[in-house]
Structure formats: C-alpha cells, structure tokens
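Asks:
Dropping the structure here:
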C-alpha cells in the first residue's frame with residue numbers, strides 16, 4: 024500500500040485494486056488523487072462517512088463493444104470500442120475518444136477519472152467521461168478510417184447526446200475522424216444535433232480556437248505560475264515534448280509570449296534548434312507532409328536530430344510535456360532539475376510519473392498537473408457546446424479571451440485552495456482538492472447516487 028495515501032483512504036484504494044486488477048494506469052491515477060486528499064477528509068470527515076471516495080472511484084457506466092469493419096482489400100477487421108461514462112453530477116459526460124493500439128479499458132478509466140476533476144476545475148457544467156478504441160488510424164486510407172468510424176458510431180450513438188454524453192477528439196481522433204463520426208450520428212438519428220460531439224469543423228458547428236486550445240491553455244497556465252512565483256516568462260528557454268497538435272500550439276503560444284522553444288520530439292527521437300523551433304517549418308513537416316522531426320532537422324541547418332534519447336536532456340527554464348502518459352520519469356526529471364528547470368506544466372494527460380513529480384517537488388520546481396494545466400481543450404469544447412446551444416458562432420479573439428480567462432481562473436482556484444490548506448505552491452494538492460470538493464459536494468446534494 025503506497026505510504027502517500029492517508030490511512031483513512033487506504034481501504035478505498037484497496038478496493039480499487041481488487042475490483043480493477045491489472046489496470047495499472049487507472050491505479051496510478053487514483054493513487055495520485057487519493058495521495059493528496061488526506062487533509063481534505065480530515066477537515067470534512069463527512070466525505071468518509073458518506074463513502075464519497077468509493078463512489079467516485081467507480082464509474083457510473085462502462086460500455087465495451089465490438090467494432091467490425093472492412094478494409095480496402097475486403098478483409099473483415101475487428102476492433103474493440105470503449106466509452107466510460109464516469110461522473111455526471113456536474114453535467115453531461117464530457118471527454119475525448121482515443122484511437123490507438125494501446126487503448127484498453129484501464130487506459131480509458133484512467134483518462135475518465137482524470138477528466139472528472141479537470142472538467143470540474145473549468146467551472147463549466149460538464150461531467151467526466153472518456154472513450155476510444157484499439158484501432159490505429161496510422162497507415163489506413165481515408166475510406167478505411169471512414170468505415171471504422173461509421174461502425175464505431177453505429178454502436179456508440181445509442182449512448183450519447185448533447186444532454187447525456189458529449190465525446191470529442193484525442194490521440195488518433197482529429198478533424199477527419201470527428202467528421203466521419205458526426206456524419207454517421209446524423210445519418211442514424213436523422214437529427215442535426217450539433218452539441219453531441221465537439222471538435223467539429225468551423226463550417227458545420229465547430230468553434231474557433233478549439234484546435235489551438237489545449238496548447239495555448241497550457242502555456243497560459245504556465246505563464247500564470249511564473250507570474251505568481253515572481254518569475255519572468257519572456258526570454259525563457261522552453262522544451263516541449265511531442266510534435267502533434269498540443270505541442271505545436273504550445274510552441275506557437277510560447278513564441279507569442281516571448282519565449283524560445285529549443286526542442287520538440289516524436290516517437291523516433293528529438294530535434295534541437297538553438298535558434299528556436301521554426302513553427303511554420305514544423306507545421307509543414309508534421310501537418311502537411313505527415314513527416315518526422317528528423318525531416319525538420321534535415322530541412323533546417325541550425326537544427327540537429329537525436330535518434331532516441333530523451334528530449335529532457337536539453338537544458339531549459341520551462342518544460343512542457345505534451346506527448347503521452349508516463350513519458351517523463353524520475354531520471355528525466357532529475358535531468359531537468361540539473362538543467363535549471365523552474366516550471367513544468369503538463370500539456371498531456373499524466374505525462375509525468377509519480378516518481379518524477381516527487382523529484383520536482385523536492386527540488387522546488389513548480390509543477391502544474393495536467394488536470395489543471397491542460398484543461399483548456401475541454402474548456403473550449405464546452406464553449407463549442409455553448410455556441411451550438413445558442414446557434415451562435417464567436418470570433419477567434421473572443422473565444423481565445425474566454426479560454427485565457429478560464430485558465431487564469433483555474434490557476435486562481437488552485438492556488439487559493441493550496442494556500443487555504445497551508446500548502447502554498449503545491450499545485451497537485453490544489454488541483455485535486457479543488458476539483459474533488461466541487462464534485463463531492465454536488466454528489467452529496469443529489470442523495471445516494
């Protein structure tokens with residue numbers, strides 16, 4: 024039993040292990056939250072008496088289904104689909120769909136559990152959920168992806184709706200996939216229910232700034248962390264992991280704020296550019312050519328590619344892990360500390376292992392957990408739902424202004440909670456406690472649910 028978990032919460036954690044064997048990412052997510060809630064339940068013992076923790080650790084609904092589809096040579100393929108509708112006490116279930124070979128039930132439950140508290144922190148009326156499939160869209164033709172998405176939605180449609188469950192995109196689910204999914208939903212239901220899915224194209228109900236939202240929001244949160252600590256952001260060297268949507272728009276916002284991104288990565292290795300990453304070239308390589316960061320280095324004389332290795336070996340003041348879960352371990356964290364890193368903000372979901380977080384906290388590095396730092400994506404999805412409900416469309420500037428205000432408000436709430444419990448600067452505690460109390464109080468107000 025982890026010694027980070029308060030004795031009063033250890034029984035709840037044991038039940039999670041017993042009821043969800045082998046789901047290590049889910050165990051990790053629960054441990055991370057429960058490991059911070061000891062002071063909260065001591066101040067509010069009725070949460071224990073009402074067994075709120077046990078209720079929150081059990082999803083309201085777990086849906087698993089078969090997804091058969093036919094590839095371009097006529098061969099039938101079979102994948103598995105998931106939707107975990109975790110908590111609806113604050114609003115309809117809200118969370119993305121991930122298409123990747125690594126997706127298992129435990130993966131989706133970990134993401135859904137995190138989503139509950141992330142969505143609560145936004146202050147918007149959305150619950151927590153997540154879904155996906157072990158389908159890999161890489162290397163598949165557009166028609167194969169379309170047939171898979173249509174088969175996936177043929178089952179999922181009966182479980183979702185603008186007042187019930189609103190999916191969005193995640194890893195492997197971009198504008199193309201959202202279009203195919205929404206088209207099939209509309210076809211089956213004979214309804215143009217724009218608010219049933221977010222991340223839509225601008226021409227058919229999508230929101231300005233949604234593409235940029237997660238990356239932009241992460242950097243705005245990091246900027247607020249820097250301001251609160253009396254640190255500057257302009258002129259700082261920044262390292263970003265990944266080179267997908269979140270990473271690209273994190274780089275863009277860093278550039279706008281006067282920082283300099285020295286390195287980014289993909290699964291093949293990382294690229295270092297001492298003159299600062301050329302964003303337009305990176306977009307051309309990754310979004311147009313669908314190439315690798317090595318291609319960026321080939322095209323730019325000031326850049327060098329490192330095959331394998333860790334992007335976190337590059338010294339920086341600000342680190343933004345924006346790739347995937349558990350990408351940054353204690354060894355990488357120690358390298359960042361040695362390199363003078365002052366701020367880490369998670370652009371991905373749980374990219375830092377628990378051991379890495381402890382290294383940062385012990386070294387006095389400010390650490391912004393993903394449920395706070397990367398909430399900009401889901402916040403802007405909720406703004407898309409708002410526009411759909413009012414049959415309205417906002418400008419990019421207005422939407423970005425709303426996004427920035429939400430991220431600043433999240434930072435304020437997290438900091439205030441941490442200080443209220445005499446834990447100044449502990450963003451992990453502040454985020455977990457703030458989100459948990461909002462969800463727990465709402466749950467109790469509705470009775471035994």
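Residue numbers (the working numbering): 24 to 472.
Ideal Cβ positions, reconstructed from N, Cα and C, are used throughout, including at glycine.
(1) Residues in the same chain with beta-carbon distance under 6 angstroms from residue 277, minus the five sequence neighbours each way, listed in chain order, please.
(2) Where residue 203 and residue 434 are concerned, what is the direct C-alpha to C-alpha distance, given to the nearest angstrom?
(3) Have a look at residue 454 and residue 213 and give me their C-alpha separation to the nearest angstrom.
(4) Are the CB atoms of residue 126 and residue 94 within a distance shorter than 8 angstroms?
(5) Can you tell me where the beta strand (DSSP E) holding residue 93 begins and where it ends?
(6) Hey, is residue 182's beta-carbon within less than 8 angstroms of any beta-carbon in chain C?
(7) Going straight from the alpha carbon of residue 291 to that of residue 314, what length do you get?
(8) Whole-angstrom Cβ separation of residue 341 and residue 391, contact assumed at under 8 angstroms?
(9) Can you tell which of 258, 301 and 423 has the C-alpha that lies nearest to the C-alpha of residue 238?
(10) Of all the options 170, 191 and 233, which has the alpha carbon lying nearest to the alpha carbon of residue 220?
(11) Write down every uninterrupted run of the alpha helix (DSSP H) in the region 399 to 445 whose length is 4 residues or greater and which is fully enclosed by it, in chain order.
(12) Should residue 59 go down as buried or exposed, given a rule of 16 or more other Cβ atoms within 10 Å for buried?
(13) In the DSSP assignment, what are the bridge partners of residue 121?
(14) Is residue 174 closer than 8 angstroms to residue 406 when the C-beta atoms are compared?
(15) Round the Cβ separation of residue 299 and residue 338 to the nearest angstrom and send it over; I've been treating them as touching at under 8 angstroms.
(16) On the three-state DSSP scale, how would you describe residue 345?
(17) Going by C-alpha distance, which of 305, 255 and 447 is nearest residue 274?
(18) Measuring CA to CA, which of 217, 447 and 383 is closest to residue 415?
(19) For residue 100, write down the residues that DSSP places opposite it in a beta bridge.
Replies: So, to answer that:
(1) Taking the first residue of the chain shown as position 1, residue 277 is located at position 254. If we look at residue 277 and ignore the five residues flanking it on each side, its Cβ neighbours are 242, 261 and 284.
(2) In the chain shown, residue 203 corresponds to position 180, counting from 1. In the chain shown, residue 434 corresponds to position 411, counting from 1. Taking the straight line from one Cα to the other gives about 36 angstroms.
(3) By 1-based counting over the chain shown, the position of residue 454 is 431. By 1-based counting over the chain shown, the position of residue 213 is 190. Between residue 454 and residue 213, the C-alpha separation is close to 41 angstroms.
(4) Walking along the chain shown from the start, residue 94 turns up at place 71. Walking along the chain shown from the start, residue 126 turns up at place 103. The answer is no: Cβ separation not under 8 angstroms.
(5) What you label residue 93 is simply residue 70 of the chain shown in a count that begins at 1. Per DSSP, residue 93 belongs to the beta strand (DSSP E) from 84 to 93.
(6) The structure shown has no chain C; it contains just one protein chain.
(7) Your numbering for residue 291 matches position 268 in the chain shown. Your numbering for residue 314 matches position 291 in the chain shown. The alpha-carbon atoms of residue 291 and residue 314 are separated by roughly 11 angstroms.
(8) Indexing the chain shown from 1 puts residue 341 at position 318. Indexing the chain shown from 1 puts residue 391 at position 368. The Cβ separation is near 10 angstroms, so there is no contact.
(9) As a first step, residue 238 is located in the chain shown; it is residue number 215 there, counting from the start. With distances taken between Cα atoms, residue 238 lies closest to 423.
(10) Taking the first residue of the chain shown as position 1, residue 220 is located at position 197. Among 170, 191 and 233, the Cα nearest to that of residue 220 belongs to 191.
(11) 399 to 412 and 419 to 443
(12) As a working mapping, residue 59 is identified with position 36 in the chain shown. Buried, since its Cβ has 16 or more Cβ neighbours within 10 Å.
(13) Counted from its first residue, the chain shown places residue 121 at position 98. Residue 121 is bridged to 155.
(14) As a first step, residue 406 must be located in the chain shown, where it is residue number 383. As a first step, residue 174 must be located in the chain shown, where it is residue number 151. Not closer than 8 angstroms, so no.
(15) Counted from its first residue, the chain shown places residue 299 at position 276. Counted from its first residue, the chain shown places residue 338 at position 315. The Cβ separation is near 15 angstroms, so there is no contact.
(16) As a first step, residue 345 is located in the chain shown; it is residue number 322 there, counting from the start. Residue state, collapsed to three classes: coil.
(17) Residue numbering aside, residue 274 sits at position 251 when the chain shown is read from its first letter. Among 305, 255 and 447, the Cα nearest to that of residue 274 is on 305.
(18) What you label residue 415 is simply residue 392 of the chain shown in a count that begins at 1. The candidate whose alpha carbon is nearest that of residue 415 is 217.
(19) What you label residue 100 is simply residue 77 of the chain shown in a count that begins at 1. Residue 100 pairs with 92.
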